Amino acid sequence: MTKDGALPKGFERPSRSPSQEKYEKVKSSSKTTTLRISKFNPESDSTSTFSEFKVHYQRWTTVLDAILEVKSNYDHSIGVRYSCRQATCGSCGMIINGKPRLACFTKISELDSDLVTVEPMNNFPIIRDLAVGFERLIATHKRIKPYIIRDDSEVTSETKEFLQSPEDVEKYIQFAGCIKCGLCNSACPTMATDSSFVGPQALAQAYRYVADNRDKGKDERLKIIDEPHGIWRCHFAGSCSQVCPKGVDPAMGIQLLRGYLLGYRK
Amino acid sequence: MSNIMRESHIMKIHYLTALVAVGFVIIHIIVRVTQGFANSLEFESVIANYESIPYAIVLEAMLILISVHGFNGLRIILLELKQGSAYENAVTYGCLIAMIALIAYGSRTIIMASMGMVEA
Amino acid sequence: MEKDRKEGIKGMANPGRYGIERVAYWLMRITGLGLLFYFIGHIYETSNLLDGKAAWNSMLELTQTTEGHIFLTLVIGMCVFHTGNGIRLMIGQAGFGLGKPSRADYPYTPSSLNMKNKLCIYVSIGLAALAMMYGLGVMYDV
Chain A
550 MTKDGALPKG
560 FERPSRSPSQ
570 EKYEKVKSSS
580 KTTTLRISKF
590 NPESDSTSTF
600 SEFKVHYQRW
610 TTVLDAILEV
620 KSNYDHSIGV
630 RYSCRQATCG
640 SCGMIINGKP
650 RLACFTKISE
660 LDSDLVTVEP
670 MNNFPIIRDL
680 AVGFERLIAT
690 HKRIKPYIIR
700 DDSEVTSETK
710 EFLQSPEDVE
720 KYIQFAGCIK
730 CGLCNSACPT
740 MATDSSFVGP
750 QALAQAYRYV
760 ADNRDKGKDE
770 RLKIIDEPHG
780 IWRCHFAGSC
790 SQVCPKGVDP
800 AMGIQLLRGY
810 LLGYRK
Chain B
532 MSNIMRESHI
542 MKIHYLTALV
552 AVGFVIIHII
562 VRVTQGFANS
572 LEFESVIANY
582 ESIPYAIVLE
592 AMLILISVHG
602 FNGLRIILLE
612 LKQGSAYENA
622 VTYGCLIAMI
632 ALIAYGSRTI
642 IMASMGMVEA
Chain C
278 MEKDRKEGIK
288 GMANPGRYGI
298 ERVAYWLMRI
308 TGLGLLFYFI
318 GHIYETSNLL
328 DGKAAWNSML
338 ELTQTTEGHI
348 FLTLVIGMCV
358 FHTGNGIRLM
368 IGQAGFGLGK
378 PSRADYPYTP
388 SSLNMKNKLC
398 IYVSIGLAAL
408 AMMYGLGVMY
418 DV
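Chains as they are written, first to last, in our numbering: chain A, 550 to 815; chain B, 532 to 651; chain C, 278 to 419.
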């Protein structure tokens, strides 16, 4: 420091810190949108209402970021389920501008709209606001026995792991990517009216295990899904595959599974 | 019906009836169009069609195939609209009864017309 | 207590949000129901034959009107679309023409909703339109 208190040349304090500058720059380049959030508390409300908030967003701001900003700064009571923020946990599924999507995987800039409306997923019971109950999805998922079935599954000192070729893995690996987010069940037209339907999520998982050459439970699973509200209530509308955020393509799995019941596959 | 047959068997029948019915409907339309549409609908012409046994068989087959396919389709739509065992049984047996009634009613027409039992 | 947010018939029937496959699903339902009701009516209509020529002709008069011809044209369209799309569905539901399962890669384009399937839907709609025009030509003796 010099005698007059000034910093030596090259060490002058900037008028604004770099982080402050960055923040200002980001804020000035941000756009504003209206976020409409569906509010419903089953314990006190008879119908759902919408709360509107103005939010700033960047090219990379996700709908979940915006919801959490609103939750932190404007309305702490918003009920939303989330966890990983990277489309891995499948917690933040909701209807965004009329279509089922993951909030953490949907950028506001991609929606190309001045209004972002978020509602809880269709065909699920509402717990509160944007959070829905997954009991039925988990129950149907369990029903199709989502595990390898075979008598000799116990690995002993004399047995080896079950070997698979890359070709064998290719047959089911796509369907193993399911994160149980429920978007497919929310988009399915049969699920819209049929509360007993097994649903695309569980059916695609049934295929995942039937197509796995380590599994011996094909007949068991086919029997479970071959009932009046089983696989035959899928009409290949493909909406499940359109909304799947992980590229699972449940519609393909279901049709391939049906091939076993029609005798085209062994 | 699901108590009697597995859903996969019902759906195999659904697909099969559709495929075979398409063939018969094509024959039916060709016969109508080749006779000239307006002429083919003349009373005498229609009676002559019914009195031809092969054509009467085509009509009977079409009646059965389309009834089975159509009422099973209706059953599927109704089953997806609402659930509950009483409703589902009513839909299943209702569709079955309606299907049998329509086949019986249509068969009566085909048999009587092909045997010439038509009022003058 | 939880409120079940079922989309209901409105959601099931709404064809706008999920592409042409959802439109085809909706059209398949509507045409199927339409054809069943036409079929029941057709059986009743032709059964008038047993009551003699006068009854047959009076029934024929009802159908040989402009409204009757428009209705029959719609039936032709429904029949052709239902057949074309039905064959596409049967092939797809047997597991053919869907592509092969493979490791999912971003941007995750579903291979079951491929161009072949979309093309079949458009062809079914196109054939239905052509058949309707042909039907009108035959009915009006053009």
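We put the beta carbon where it would ideally sit given N, CA and C, even for glycine.
The model shown is predicted, which means the values in this text are computed figures rather than measured ones.
Does B/Pro585 come out as helix, strand or coil in the three-state DSSP assignment? Reduced to three states, the DSSP call for B/Pro585 is helix.
For A/Phe654, which of helix, strand or coil comes out of DSSP? Helix, per DSSP.
Once the 5 residues before and after C/Ala405 are set aside, which same chain residues still bring their CB inside 6 angstroms of it? Closer than 6 angstroms at Cβ, skipping near neighbours: Gly354, Val357 and Phe358.
Say whether chain C places a C-beta atom closer than 7 angstroms to the C-beta of A/Asn817. Past the boundaries of the shown model lies residue 817 of chain A; chain A is included only from 550 to 815, so the question cannot be answered.
In the DSSP assignment, the alpha helix (DSSP H) including A/Met801 goes from what residue to what residue? For A/Met801, the enclosing alpha helix (DSSP H) begins and ends at Pro799 to Leu811.
Could you compute how far the alpha carbon of A/Arg782 sits from the alpha carbon of C/Lys330? The alpha-carbon of A/Arg782 is positioned some 46 angstroms away from that of C/Lys330.
Residues within the stretch 389-416 of chain C neighbouring chain A, beta-carbon criterion of under 9 angstroms: For the stretch 389-416 of chain C, which is checked against every Cβ of chain A, the residues closer than 9 angstroms are Ser389, Leu390 and Asn394.
Assign A/Gln816 to one of two classes, buried (16 or more other C-beta atoms within 10 Å of its C-beta) or exposed (fewer than that). This structure gives no information on residue 816 of chain A, because the portion of chain A shown stretches from 550 to 815.
Report buried or exposed for A/Glu684, applying the criterion of at least 16 other Cβ atoms within 10 angstroms of its Cβ. A/Glu684 should be labelled exposed.
Short check: CB of A/Gly628 to CB of A/Arg677, under 7 angstroms? Closer than 7 angstroms, so yes.
When you compare only the Cα positions, how much space is there between C/Thr343 and A/Lys729? Near 54 angstroms, if we compare the C-alpha coordinates of A/Lys729 and C/Thr343.
Own chain partners of A/Glu601 with C-beta closer than 6 angstroms, once the 5 adjacent residues on each side are dropped: Contacts found: Thr583 and Arg585.
Pick helix, strand or coil for B/Met646, following the three-state DSSP scheme. If DSSP states are grouped into helix, strand and coil, B/Met646 belongs with coil.
So which of C/Arg294, C/Met409, C/Gly374 and C/Tyr383 has the shortest CA-CA distance to C/Leu396? The candidate whose alpha carbon is nearest that of C/Leu396 is C/Gly374.
Selection from A/Gly802, A/Gly731 and A/Asp764 that minimises the alpha carbon distance to A/Pro794: For the options A/Gly802, A/Gly731 and A/Asp764, the alpha carbon positioned closest to that of A/Pro794 is the one of A/Gly731.
In its own chain, which residues sit with a C-beta less than 7 angstroms from the C-beta of C/Leu326, not counting the 5 before and 5 after it? Once the five neighbours on either side are set aside, the close Cβ partners of C/Leu326 are Trp333.
Per DSSP, cross-strand counterpart(s) of A/Leu617: Its beta-bridge partners do not exist; DSSP assigns none.
Cβ-based contacts, 8 angstroms cut-off: residues of the stretch 740-757 of chain A near chain B: Contacts with chain B (Cβ-Cβ distance below 8 angstroms) from the stretch 740-757 of chain A involve Thr742, Asp743, Ser744, Ser745 and Phe746, listed in chain order.
Compare the C-beta of C/Asp281 with all C-beta atoms of chain B and state if any pair is closer than 7 angstroms. Judged by the 7 angstroms Cβ criterion, C/Asp281 is not in contact with chain B.
Along the chain, where does the beta strand (DSSP E) containing A/Val855 start, and where does it finish? Residue 855 of chain A falls outside the range modelled here, since chain A spans only 550 to 815, and no answer is possible.
Assuming C/Ser324 and B/Tyr636 are in contact, meaning their beta carbons sit under 8 angstroms apart, how far apart are those beta carbons, in whole angstroms? About 7 angstroms separates the Cβ atoms of C/Ser324 and B/Tyr636, confirming a contact at the 8 angstroms cut-off.
Relative to the C-alpha of A/Ser662, which residue among A/Ile675, A/Lys691, A/Val704 and A/Arg608 is closest? When only C-alpha atoms are compared, the closest one is A/Arg608.
6 angstroms Cβ shell around A/Thr739 - same chain, five flanking residues per side excluded: Listed in chain order, the non-local C-beta contacts of A/Thr739 below 6 angstroms within the same chain comprise Phe746 and Arg782, local neighbours out to five positions each way being set aside.
Using a Cβ-Cβ cut-off of less than 7 angstroms, list which residues of the stretch 631-645 of chain B approach chain C; keep chain order. Cβ contacts with chain C: Leu633, Tyr636, Gly637, Thr640, Met643 and Ala644.
Under the DSSP definition of a beta bridge, which residues are partnered with A/Lys603? Paired residue(s): A/Thr583.
If you check the beta carbons only, do B/Val556 and B/Leu596 fall under 7 angstroms apart? Between B/Val556 and B/Leu596, the CB-CB gap reaches or exceeds 7 angstroms.
Between the alpha carbons of B/Ala621 and B/Arg639, how many angstroms are there, rounded? Rounded to the nearest angstrom, the two C-alpha atoms are 26 angstroms apart.
Please decide whether C/Met278 counts as near chain B, where near means a Cβ-Cβ distance under 7 angstroms. Legend: pLDDT at C/Met278 = 42, less than 50; position of this residue unreliable, no value from coordinates given.
Contact criterion: CB-CB distance below 7 angstroms. Does C/Leu366 meet it with respect to chain A? Chain A, which has a Cβ nearer than 7 angstroms to the Cβ of C/Leu366, makes this yes.
Following the continuous alpha helix (DSSP H) through C/Met355, name the residue where it begins and the one where it ends. Residues Thr343 to Gln370.
For the stretch 344-357 of chain C, enumerate the residues whose C-beta is nearer than 7 angstroms to any C-beta of chain A, in chain order. Taking 7 angstroms as the Cβ-Cβ cut-off against chain A, none of the residues of the stretch 344-357 of chain C qualify.
Which residue comes first and which comes last in the beta strand (DSSP E) that contains A/Ile675? Residues Pro674 to Arg677.
Below 8 angstroms on the Cβ atoms is my contact criterion, and I expect A/Ser788 with A/Cys737 to pass it. Report the Cβ-Cβ distance as a whole number of Å. Rounded to the nearest angstrom, the Cβ distance from A/Ser788 to A/Cys737 is 6 angstroms, consistent with a contact under 8 angstroms.
Rounded C-beta distance between B/Ser645 and B/Ile608? I'm assuming under 8 angstroms. Actually they do not touch by this definition, with Cβ atoms about 34 angstroms apart.
Just to confirm my understanding: we take A/Ile687, look at its own chain, exclude 5 residues before and 5 after, and list those with CB closer than 8 angstroms. What are they? Once the five neighbours on either side are set aside, the close Cβ partners of A/Ile687 are Lys729.
Could you give the distance in angstroms between the alpha-carbon of B/Leu572 and the alpha-carbon of C/Asp328? So the two alpha carbons sit approximately 16 angstroms from each other.
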